[in-house]
Each structure stands twice: as structure tokens, then as C-alpha cells.
Amino acid sequence: MSHHRRDALSHLLAVTELMNADMRRGMSRHGLTEARVRVVWELGLLEGSMTQRQLADALAVSPRNVTTLIDSLEATGFVSRTPHPGDRRAIHVVLTEKGRQSFAQLRGEMSEFSERLFGDVPDADLDTFRRILDSVGRHLADLARSEGK
4 MSHHRRDALS HLLAVTELMN ADMRRGMSRH GLTEARVRVV WELGLLEGSM TQRQLADALA
64 VSPRNVTTLI DSLEATGFVS RTPHPGDRRA IHVVLTEKGR QSFAQLRGEM SEFSERLFGD
124 VPDADLDTFR RILDSVGRHL ADLARSEGK
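Here's what the structure looks like:
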């Protein structure tokens, strides 16, 4: 491994740890865990409503796991369950007012944070950065798939 690659990996690991710590602080301010934030985020992106099955697929978790997440989010007032209008067997998960407000705050915080991190970085550099991150992400996904066999 070249010195440049080792140095890049070292920087990536340090930045990842800082990002994770910042995310944990932000989520705790909302009274949410990472998994619960993902549910609120997915629902918010889709105008606040989807079936439990769609949610499980979007999050790549089992229906049982999504049920547990929805139970906890419903108990804390972020979501509610309603019958699906066209399928008696399906349940719609809907963001409550509290859930919609949390999504709006999360989206606003994300926009503000991205401006703080990248506001002075030229677009061309950001394009290069994105391409590098895409490549790193593909390599990590390939490693995860090959180790999962």
C-alpha cells in the first residue's frame, strides 16, 4: 500500500469518526436513534406515508425489524399506522405532525451542515470528491458482498 493511500485511509477514518459523533449528537437532540432517523427520513422523502413492507424494502431490513421500529416511533409520537385504502392486509405508516416537524428540522440541519462543510469548496472539487466517494462506496459494498458469502 502506498503512503498516499494509507494517508487517505487514515484521513477517511478520522473524518468518519467525527461525522458519526456529530450524527449521534444530532439524533439524540431529536430523541431518535440512527435506525429511527432512517425511518423518519424515508417517510419524509415520500411525503410522509408508505406501507410497512415498502419501508422494510427501502431500509433493507426484515419486516419484523421494521415492525419493531414502527412500534417505538408510534409510542413516541413520530408516526401512526393507518389501514391501506386499497389493500386490507397492508398497513400504511404515516408521519405525525411531530414526525413531519422532525423531518423538516433534520433536512434543515443537513442543509446547514453541508453548507458549513462545503460552502467554500468549488463545485469542480466537489464533483471530484463525489466521484471518489462513489468509488470508495462501491469498493466497500463489493467487500461486504464478498464477505457475506
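For the sequence shown, our numbering assigns the number 4 to the initial residue and increments by one for each residue that follows.
Virtual Cβ for every residue (Gly too), placed ideally from N, Cα, C.
Alpha-carbon spacing of residue i relative to residue j, whole angstroms
i: residue 47; j: residue 116; result: 19 Å
i: residue 1; j: residue 112; result: No answer is possible for residue 1: it lies beyond the span of the chain, which begins at 4 and ends at 152.
i: residue 49; j: residue 106; result: 11 Å
i: residue 7; j: residue 13; result: 10 Å
i: residue 5; j: residue 11; result: 10 Å
i: residue 150; j: residue 141; result: 14 Å
i: residue 85; j: residue 119; result: 39 Å
i: residue 18; j: residue 134; result: 17 Å
i: residue 114; j: residue 139; result: 23 Å
i: residue 34; j: residue 68; result: 19 Å
Residue closest to residue i, alpha-carbon to alpha-carbon, out of the options
i: residue 93; options: 68, 58 and 118; result: 58
i: residue 43; options: 123, 124, 98 and 145; result: 98
i: residue 27; options: 109, 146 and 120; result: 109
i: residue 101; options: 118, 85 and 79; result: 79
i: residue 36; options: 85, 125 and 81; result: 81
i: residue 45; options: 16, 60 and 9; result: 60
Proximal residues to residue i (C-beta, below 7 Å), its chain only, five neighbours per side dropped
i: residue 23; result: none
i: residue 70; result: 55
i: residue 41; result: 62
i: residue 72; result: 38, 39 and 42
Neighbourhood of residue i by C-beta, 6 Å cutoff - its chain only, sequence neighbours within 5 removed
i: residue 52; result: 95 and 97
i: residue 91; result: none
i: residue 143; result: none
Rounded Cβ spacing between residue i and residue j (contact assumed at less than 8 Å)
i: residue 76; j: residue 39; result: 6 Å
Beta-carbon proximity list for residue i, same chain, < 8 Å, skipping 5 on both sides
i: residue 121; result: 129
i: residue 124; result: 132
Endpoints, the beta strand (DSSP E) within which residue i is located
i: residue 18; result: It is not in any beta strand (DSSP E) - residue 18 instead sits in the alpha helix (DSSP H) that spans 6 to 33.
i: residue 98; result: 94 to 98
i: residue 69; result: No beta strand (DSSP E) contains residue 69, which is instead part of the alpha helix (DSSP H) from 66 to 78.
i: residue 82; result: 82 to 86
Cβ-heavy atom distance, residue i to the ligand ADP, below 8 Å
i: residue 53; result: Absence of the ligand ADP from the depicted structure is noted, as is the absence of any ligand whatsoever, leaving it without description.
Run of the alpha helix (DSSP H) containing residue i, from where it starts to where it stops
i: residue 131; result: 126 to 150
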